[in-house]
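So the protein sequences, as listed, match chains A and B.
Sequential numbering of the first sequence, starting at 1, is according to the numbering used here.
Sequential numbering of the second sequence, starting at 1001, is according to the numbering used here.
Glycine included, every Cβ here is placed at the ideal spot set by N, Cα and C.
In what follows, a structure is listed as structure tokens, so that the remarks can point back to it.
2 protein chains.
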Amino acid sequence: MPDDTPELKPRLHGEMLSTSLLAFLKGWNAYGYQLAQKLAAAGLPESDSGTVYRTLRQLEKSGMVSSFWDTSESGPARRMYTLTKAGELFLSGWIDVLQNYQKILHGALEGFLPPADDAGDTSATAAR
Amino acid sequence: MPDDTPELKPRLHGEMLSTSLLAFLKGWNAYGYQLAQKLAAAGLPESDSGTVYRTLRQLEKSGMVSSFWDTSESGPARRMYTLTKAGELFLSGWIDVLQNYQKILHGALEGFLPPADDAGDTSATAAR
DNA sequence: TCCATCTAGATGCAAGTTACACATAGCTGC
DNA sequence: GCAGCTATGTGTAACTTGCATCTAGATGGA
């Protein structure tokens, strides 16, 4: 019998992948392969390695990181990434977003105390 | 002069949008238009309303929510959404992901203490 | 009655993003 | 040489998103 339900298995992409990569680069240079391993080790949902490489290139195009080839170690050359000032700014701005997101998720799962200042709008029509 | 830098303006989509919607539905029924307003009021980056509606339908297809038409109020009919057991499970599983993500972002921005148990791997090769 | 406006939901399409498979290339050990 | 590991990438189909646009009920004004 064919499985009909579309999967919604957790995956890391979009802003969450981009910002995780930027965060790992804060204070350290790193290369793609290494960053992919760190993501896996950090308990985040897996990302395809191709997606990681393409995301890094896209971050470079938008000025969040810069890169250079590192041939100082033995083995295949590594494209080392460095966080730019713009990337750092974007990252710190994203922290606010994360805080609000966090509030929503945790509010939902622990008896969710209604936030004292959110009372008086049309949302009072919520059913049951 | 044409702007050449690709935009990376924050937008809410993917897992973050889905889980925010699920969280808002915990304990309450709500309809799409209302949820879109809640997202905006919650200090999260904007989402296109079309995207919100489509995301809700997709959550329904994957069994995270169920819906019914509500014609009890005046005005256009509303498609009311209810969180399912599967949606609740997915949501609580996602909390762990969020916690790890949070750790990474905050670790990056506050002097980032090296986590005591993460020392002994190849990541020691990180350059300056 | 006609029209504008607001609420509510939805879709067509172009552009962008992703997963999966595969390709390339340097190095190590046999 | 060649298998296996490290490291970076690409082709392609499928999926997702933003924007514009559409339908439709209700309301209020001219």
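Pull up the distance between the alpha-carbon of residue i and that of residue j, whole angstroms please.
i, j, result
"residue 1029 of chain B", "residue 70 of chain A", "54 Å"
"residue 1047 of chain B", "residue 1087 of chain B", "21 Å"
"residue 1023 of chain B", "residue 92 of chain A", "25 Å"
"residue 39 of chain A", "residue 56 of chain A", "13 Å"
"residue 1043 of chain B", "residue 1037 of chain B", "11 Å"
"residue 68 of chain A", "residue 27 of chain A", "16 Å"
"residue 32 of chain A", "residue 94 of chain A", "22 Å"
"residue 1060 of chain B", "residue 108 of chain A", "19 Å"
"residue 12 of chain A", "residue 50 of chain A", "13 Å"
"residue 84 of chain A", "residue 21 of chain A", "13 Å"
"residue 1054 of chain B", "residue 1045 of chain B", "17 Å"
"residue 35 of chain A", "residue 1106 of chain B", "17 Å"
"residue 82 of chain A", "residue 25 of chain A", "6 Å"
"residue 1110 of chain B", "residue 1041 of chain B", "28 Å"
"residue 52 of chain A", "residue 1052 of chain B", "26 Å"
"residue 1080 of chain B", "residue 58 of chain A", "38 Å"
"residue 1078 of chain B", "residue 78 of chain A", "54 Å"
From the DSSP output, in three-state form, read off residue i for me.
i, result
"residue 20 of chain A", "helix"
"residue 1029 of chain B", "strand"
"residue 79 of chain A", "strand"
"residue 70 of chain A", "strand"
"residue 1047 of chain B", "coil"
So with Cβ pairs under 8 Å, would you call residue i a contact of chain B?
i, result
"residue 26 of chain A", "yes"
"residue 66 of chain A", "no"
"residue 75 of chain A", "no"
Flag residue i as yes if its beta-carbon sits less than 8 Å from any beta-carbon of chain A, otherwise no.
i, result
"residue 1050 of chain B", "no"
"residue 1101 of chain B", "yes"
"residue 1108 of chain B", "yes"
"residue 1055 of chain B", "no"
"residue 1060 of chain B", "no"
"residue 1020 of chain B", "yes"
Does the structure place the stretch 1010–1023 of chain B close enough to the stretch 1073–1080 of chain B that three or more beta carbon pairs sit under 8 Å? no
Does the count of Cβ pairs from the stretch 1077–1096 of chain B and the stretch 1051–1067 of chain B closer than 8 Å reach three? yes
So, does the stretch 91–105 of chain A touch the stretch 1098–1108 of chain B, judging by three or more C-beta pairs under 8 Å? yes
Residues of the stretch 1033–1045 of chain B with a CB closer than 7 Å to any CB of chain A: list them in chain order, please. 1034, 1038, 1042, 1043, 1044 and 1045
Could you please tell me which residues of the stretch 1084–1095 of chain B, in chain order, have their CB closer than 8 Å to any CB of chain A? 1090, 1091, 1092, 1093, 1094 and 1095
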